[in-house]
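Colleague:
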Amino acid sequence: MTAATLLVANAVPLVGVLAFGWGLHSLLVVYWVESAVVGTASVAKILRAEGEDDPTELPSMKFNDRSVGSFVGESNRRIATFFVSHYGVFWLVHGLFVGIFPLIFPRMAWTSPRVVAAAAVGLVAYHVISYRVNFVGQGEFEHSGPVTRMVEPYRRVLVLHLTVIFGAFGVGALGSPVGALVVMVVVKTVLDFRGHWKEHDRARRRASGAVGEPE
382 MTAATLLVAN AVPLVGVLAF GWGLHSLLVV YWVESAVVGT ASVAKILRAE
432 GEDDPTELPS MKFNDRSVGS FVGESNRRIA TFFVSHYGVF WLVHGLFVGI
482 FPLIFPRMAW TSPRVVAAAA VGLVAYHVIS YRVNFVGQGE FEHSGPVTRM
532 VEPYRRVLVL HLTVIFGAFG VGALGSPVGA LVVMVVVKTV LDFRGHWKEH
582 DRARRRASGA VGEPE
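Start counting at 1 in the sequence shown, then tack on 381, and there's your number in our numbering.
Encoded structure:
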């Protein structure tokens with residue numbers, strides 16, 4: 382069900398490009414809004430997580446010179462507060478880039494609030510359903526610790542949106558042809574499904590006690 386919802390959410394930008402003439406800036410703003418939705422959903426998951434974090438299963442990432450493992454044992458609320466401040470800076474910098482992108486390519490049309498609202502509905506629906514069906518309904522919260530939930534969006538969103546941003550430069554340089562925009566949406570969708578599958582696969586393996594090496 383959540384995979385189908387994810388497909389619908391990603392189909393909205395594709396339909397927008399093909400049927401309603403959405404441009405590159407519209408896609409960038411929509412994906413920026415998506416990163417905010419992901420962050421909000423992650424805060425809810427961090428606060429709800431009831432499992433224990435194993436430092437040996439966490440990735441070798443650092444936040445402000447702190448290793449991910451050093452957060453293990455802190456309260457859910459404190460971890461959520463740190464996540465909001467750290468991820469929030471990433472989101473604001475991302476938004477600044479999206480905001481000035483039409484200035485880099487002056488021929489690019491600015492997006493419309495209606496475009497963003499239409500896409501946001503699908504994105505919010507996917508994450509709400511995923512939270513209720515997978516995280517709560519399938520008991521992922523019982524096997525996920527708050528630190529594990531804190532790093533999930535970085536695993537999924539950073540690679541995804543860096544790909545989108547660098548791809549946007551190529552599309553913008555080409556004059557934002559429809560074909561290039563479609564390719565950009567398709568690549569983003571494939572990466573999204575890959576991230577979706579890997580996130581829930583890790584959750585299933587944690588539940589069965591068969592978690593592999595950290596990525």
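Glycine included, every Cβ here is placed at the ideal spot set by N, Cα and C.
Please state the DSSP three-state secondary structure of S448.
Modeller: In the sequence shown, residue 448 corresponds to position 67, counting from 1. Strand.
Colleague: Can you tell me whether K443 is buried or exposed, with buried defined as 16 or more other CB within 10 angstroms of its CB?
Modeller: Numbered from 1 along the sequence shown, position 62 holds the residue referred to as residue 443. Per the 10 Å Cβ criterion, exposed.
Colleague: I'd like to check one pair, V545 with P394: are the Cβ atoms closer than 8 Å?
Modeller: Taking the first residue of the sequence shown as position 1, residue 394 is located at position 13. Taking the first residue of the sequence shown as position 1, residue 545 is located at position 164. In this structure, V545 does not lie closer than 8 Å to P394 by Cβ.
Colleague: Hey, out of L439, L555, G503, R536, whose CA is closest to Y412's CA?
Modeller: Here residue 412 refers to the residue found at position 31 of the sequence shown. Ranking the options by Cα distance to Y412, first place goes to G503.
Colleague: Report buried or exposed for R583, applying the criterion of at least 16 other Cβ atoms within 10 angstroms of its Cβ.
Modeller: As a first step, residue 583 is located in the sequence shown; it is residue number 202 there, counting from the start. Classification of R583: buried, given that the 10 Å Cβ count is 16 or more.
Colleague: Using 8 Å for Cβ pairs, my map puts P440 next to V453. What's the rounded Cβ distance?
Modeller: Taking the sequence shown and counting its residues from 1, one reaches residue 440 at position 59. Taking the sequence shown and counting its residues from 1, one reaches residue 453 at position 72. At roughly 13 Å, the Cβ-Cβ gap does not stay under 8 Å, so P440 and V453 are not in contact.
Colleague: Taking the straight line between their C-alpha atoms, what separation do you get for F550 and S416?
Modeller: Walking along the sequence shown from the start, residue 550 turns up at place 169. Walking along the sequence shown from the start, residue 416 turns up at place 35. Using only the alpha carbons, I get a separation of about 19 Å.
Colleague: Whether or not the stretch 421-431 and the stretch 529-546 are in contact is what I'm after, with contact meaning three or more pairs of Cβ atoms, one per stretch, closer than 8 Å; do they touch?
Modeller: Segments in contact, yes.
Colleague: Name the two residues that bound the continuous alpha helix (DSSP H) containing E455.
Modeller: For the purposes of this step, residue 455 is taken as residue 74 along the sequence shown, with counting starting at 1. Premise fails: E455 is in no alpha helix (DSSP H) and is neither H nor E.
Colleague: Give the straight-line distance between the Cα atoms of A400 and N391, rounded to the nearest whole angstrom.
Modeller: Counting from 1 along the sequence shown, the entry for residue 400 is found at position 19. Counting from 1 along the sequence shown, the entry for residue 391 is found at position 10. Cα to Cα, the separation comes out at about 15 Å.
Colleague: Assess contact between the stretch 425-434 and the stretch 458-467, defined as three or more Cβ pairs (one per stretch) separated by less than 8 Å. Is contact present?
Modeller: Verdict: yes, contact present.
Colleague: Could you give the distance in angstroms between the alpha-carbon of L600 and the alpha-carbon of R586?
Modeller: Nothing can be reported for residue 600, as the shown portion of the chain is limited to 382 through 596.
Colleague: Could you spell out the range, first to last residue, of the alpha helix (DSSP H) harbouring V396?
Modeller: By one-based count along the sequence shown, residue 396 stands at place 15. 383-401 is the extent of the alpha helix (DSSP H) around V396.
Colleague: Please classify V398: is it buried, with 16 or more other beta-carbons within 10 angstroms of its beta-carbon, or exposed?
Modeller: Taking the first residue of the sequence shown as position 1, residue 398 is located at position 17. By the neighbour-count rule (16 or more Cβ atoms within 10 Å), V398 is buried.
Colleague: Return yes when the Cβ of G576 is within less than 8 Å of the Cβ of L541, no when it is not.
Modeller: For the purposes of this step, residue 541 is taken as residue 160 along the sequence shown, with counting starting at 1. For the purposes of this step, residue 576 is taken as residue 195 along the sequence shown, with counting starting at 1. Yes; because the gap between Cβ atoms is below 8 Å, this pair is in contact.
Colleague: To the nearest angstrom, how far is the alpha carbon of P483 from that of E580?
Modeller: Taking the sequence shown and counting its residues from 1, one reaches residue 483 at position 102. Taking the sequence shown and counting its residues from 1, one reaches residue 580 at position 199. Cα to Cα, P483 sits roughly 34 Å from E580.
Colleague: Which stretch, first to last residue, makes up the alpha helix (DSSP H) that contains P494?
Modeller: By one-based count along the sequence shown, residue 494 stands at place 113. Run containing P494: 494-511, per the alpha helix (DSSP H) assignment.
Colleague: Do you know offhand how far L562's Cα is from G520's?
Modeller: Numbered from 1 along the sequence shown, position 181 holds the residue referred to as residue 562. Numbered from 1 along the sequence shown, position 139 holds the residue referred to as residue 520. Going from the Cα of L562 to the Cα of G520 covers about 38 Å.
Colleague: Hey, quick one: how far does the alpha helix (DSSP H) through L539 stretch, first residue to last?
Modeller: Here residue 539 is taken as the residue at index 158 of the sequence shown, counted from 1. Run containing L539: none; DSSP gives neither H nor E here.
Colleague: Which residues mark the beginning and the end of the alpha helix (DSSP H) in which S441 is found?
Modeller: Counted from its first residue, the sequence shown places residue 441 at position 60. That residue, S441, is in no alpha helix (DSSP H); it is neither H nor E in DSSP.
Colleague: By DSSP, does P487 sit in helix, in strand, or in coil?
Modeller: In the sequence shown, the residue the question calls residue 487 occupies position 106. Correct three-state label for P487: coil.
Colleague: What do you get for A384, buried or exposed, if any count of 16 or more other CB atoms within 10 angstroms of its CB means buried?
Modeller: Your numbering for residue 384 matches position 3 in the sequence shown. Flag for A384 reads exposed.
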